[in-house]
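S.K.: 357 is the number of the first residue of the sequence shown in our numbering; add one for each residue after it. Backbone N, C-alpha and C define an ideal beta-carbon position, used for all residues, glycine too. Input: one structure, supplied below.
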Amino acid sequence: MTTFLLLLPAALSLLVLAAHFLRRAEMLPVLLCLGMLALIGVRRPWASRALQVALLVAAGEWVRTLLALVPARRVMHEPWERMAVILGIVATIALLSALGFELPALRRRFGRMGPA
């Protein structure tokens, strides 16, 4: 159960990123996100690292989106504060999800404990 709860933010981050790309009709990134989601079931060290990289890229994409949309909304005199908070939270969750793969429970699950 603990492993499930530790992997849940990573899975949700990948799903939200897939939805982000789907909204922009970018099908290759959508498929990549869904493929990465499938890696959660692969209990290998490389899968863990691939997921970490994907989540770091996801956090970067959310920050990039934030930096692109805030100035555009400000120029058009549209509200931007709530959007900035939401995107900041989504980026933070993606980043923390990547860091979560360094926790002992997930290191064990993906076979990354190393010699004792």
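Indicate the three-state DSSP secondary structure (helix, strand or coil) for residue 382 in the structure shown.
M.R.: The residue given as residue 382 occupies position 26 in the sequence shown. Note: residue 382 maps to coil in three-state DSSP.
S.K.: Indicate whether the contact test is met: 3 or more Cβ pairs, each with one atom in the segment 416-427 and one in the segment 460-470, closer than 8 Å.
M.R.: With the cut-off at 8 Å, the segment 416-427 and the segment 460-470 do not touch.
S.K.: How do the segment 386-405 and the segment 444-456 stand: do at least 3 beta-carbon pairs fall below 8 Å, yes or no?
M.R.: Cβ pair count under 8 Å is below three, so no.
S.K.: Give the C-beta separation of residue 431 and residue 440 to the nearest angstrom, bearing in mind that I take them to be a contact with Cβ-Cβ under 8 Å.
M.R.: To locate residue 431, count along the sequence shown from 1; it is residue 75. To locate residue 440, count along the sequence shown from 1; it is residue 84. Not quite, the Cβ-Cβ distance comes to about 15 Å (not below 8 Å), so this is no contact.
S.K.: Considering just the uninterrupted stretch of the alpha helix (DSSP H) at residue 398, what are its terminal residues?
M.R.: Along the sequence shown, read from residue 1 onward, the residue named residue 398 stands at position 42. Looking at the DSSP string, residue 398 is not in any alpha helix (DSSP H), and its letter there is neither H nor E.
S.K.: Distance check for residue 437 and residue 408, CA to CA, integer angstroms please.
M.R.: Residue numbering aside, residue 408 sits at position 52 when the sequence shown is read from its first letter. Residue numbering aside, residue 437 sits at position 81 when the sequence shown is read from its first letter. Looking at the two C-alpha atoms, the distance is approximately 29 Å.
S.K.: Starting from residue 438, trace the alpha helix (DSSP H) in both directions and tell me its first and last residue.
M.R.: The count along the sequence shown starts at 1 and reaches residue 438 at position 82. From DSSP, the alpha helix (DSSP H) with residue 438 extends over 437-456.
S.K.: Go ahead and pull the three-state DSSP assignment for residue 434.
M.R.: The sequence position of residue 434 within the sequence shown is 78, counting from 1. Three-state result, residue 434: coil.
S.K.: Take the Cβ of residue 360 as the centre, count every other Cβ of all protein chains shown within 10 Å, and call the residue buried at 16 or more, exposed below.
M.R.: As a working mapping, residue 360 is identified with position 4 in the sequence shown. Residue 360 is exposed by the Cβ-count criterion.
S.K.: To the nearest angstrom, how far is the alpha carbon of residue 418 from that of residue 402?
M.R.: Walking along the sequence shown from the start, residue 418 turns up at place 62. Walking along the sequence shown from the start, residue 402 turns up at place 46. If I take the Cα positions, the gap works out to 24 Å.
S.K.: Check whether chain C comes within 8 Å of residue 373, counting only Cβ atoms and requiring the distance to be less than that.
M.R.: The structure shown contains no chain C; it is built from a single protein chain.
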